[in-house]
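In the working numbering, the protein residues as written are 49 to 245.
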C-alpha cells in the first residue's frame with residue numbers, strides 16, 4: 049500500500065531469518081486485487097494490506113486470509129498536525145478520508161485536540177473518488193488519507209498529507225500474519241488428512 053509501507057516491509061524483511069518467505073508487492077486497491085487474483089505465488093499463506101486495500105481484498109473472499117496493518121491514533125494525530133502546520137489552513141479546509149471504524153477513533157481525539165477538520169467516510173475506490181469531488185465543492189484544500197486518496201487528490205488539484213504507517217504497525221501486522229498462518233496451515237493439513245481418509 050504505497051512506498052512508505054513497502055520501505056518498512058523491506059526493513060522488516062531484512063531482520064527475518066528467512067527473508068525470502070516475505071514478499072513485498074507495492075500495489076493498492078484494484079491493482080492489488082488484480083495482482084492477488086492473477087500473479088500471487090501459489091505458496092502464499094497470508095496477505096498483509098492496509099485500509100481500503102485490505103477491505104477490498106477481504107470482500108473478495110480470497111482463498112488466502114488478509115491481515116490489516118493497523119492505523120494507530122498517533123499516526124493519525126501526526127498527519128493532522130502535519131496538514132495544519134505544512135499548509136497553514138483552517139481546520140474546516142482540511143479533511144480526513146477513512147474507514148468507518150477508524151473515523152470513530154478519529155472523532156474522539158479530534159474533540160480532545162479541539163480540531164474541527166472534516167471527516168469523510170470512504171469504503172471503496174468509488175467512495176474516495178466521489179469524496180474528492182465533494183471535498184472540492186465544500187472548499188476543502190488539504191486531504192489526509194492513503195496512497196489512493198493522495199493520487200486522486202493530486203489529480204483534482206488538492207494538497208494531500210499521506211497517512212503514514214509506522215514500522216511498529218507493519219511489525220504488528222506481520223506478527224498477526226504469523227498467527228494466522230499457523231492456523232491456516234493447521235486447517236489445510238486437517239483438510240488434506242480428511243481427503244486422504
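C-beta: ideal position from N, C-alpha, C; glycine also.
Treat the numbers as computed from the prediction; the structure is a model and nothing was measured.
(1) Do three or more CB pairs link the region 107-117 to the region 223-235 at distances below 8 Å?
(2) Decide yes or no for the touch test of the region 71-85 against the region 182-191: beta carbon pairs closer than 8 Å, at least 3 of them.
(3) How many angstroms separate the CA atom of residue 99 from the CA atom of residue 69?
(4) Under the rule that 16 or more other beta-carbon atoms within 10 Å means buried, what is residue 156, buried or exposed?
(5) Within this structure, are the beta carbons of residue 142 and residue 177 separated by less than 9 Å?
(6) So, helix, strand or coil for residue 70, using DSSP?
(7) Going by Cα to Cα distance, which pick from 220, 105, 184, 130 is closest to residue 205?
(8) What are the boundary residues of the alpha helix (DSSP H) that includes residue 196?
(9) DSSP has residue 169 in a bridge; who is on the other side?
(10) At the level of alpha carbons, what is the spacing between residue 62 and residue 88?
(11) At what residues does the beta strand (DSSP E) containing residue 116 begin and finish?
(12) At what residues does the beta strand (DSSP E) containing residue 207 begin and finish?
Per the coordinate set shown:
(1) Below 8 Å, enough C-beta pairs join the region 107-117 and the region 223-235 to call them touching: three or more.
(2) At 8 Å Cβ cutoff, the stretches do not touch.
(3) Start at 1 with the first residue of the chain shown, and residue 99 comes out as number 51. Start at 1 with the first residue of the chain shown, and residue 69 comes out as number 21. Linking residue 99 to residue 69 through their CA atoms gives a straight-line distance of about 23 Å.
(4) Against the chain shown, residue 156 aligns to sequence position 108. Looking at its Cβ environment, which holds fewer than 16 other Cβ atoms inside 10 Å, residue 156 is exposed.
(5) Sequence index remark: in the chain shown, residue 142 carries index 94 (1-based). Sequence index remark: in the chain shown, residue 177 carries index 129 (1-based). The answer is no: Cβ separation not under 9 Å.
(6) As a first step, residue 70 is located in the chain shown; it is residue number 22 there, counting from the start. The answer is coil: DSSP assigns residue 70 none of H, G, I, E or B.
(7) Start at 1 with the first residue of the chain shown, and residue 205 comes out as number 157. Residue 184 is the option with its Cα nearest to residue 205.
(8) Taking the first residue of the chain shown as position 1, residue 196 is located at position 148. Secondary structure note for residue 196: its alpha helix (DSSP H) is the uninterrupted segment 195-204.
(9) Position 121 of the chain shown, counted from the start, is the residue given in the question as residue 169. Secondary-structure assignment with DSSP links residue 169 through a beta bridge to 146.
(10) For the purposes of this step, residue 62 is taken as residue 14 along the chain shown, with counting starting at 1. For the purposes of this step, residue 88 is taken as residue 40 along the chain shown, with counting starting at 1. When rounded, the distance between both Cα atoms is 21 Å.
(11) The residue given as residue 116 occupies position 68 in the chain shown. Residues 114-117.
(12) Residue mapping note: residue 207 aligns to position 159 of the chain shown, counting from 1. For residue 207, the uninterrupted beta strand (DSSP E) segment begins and ends at 207-210.
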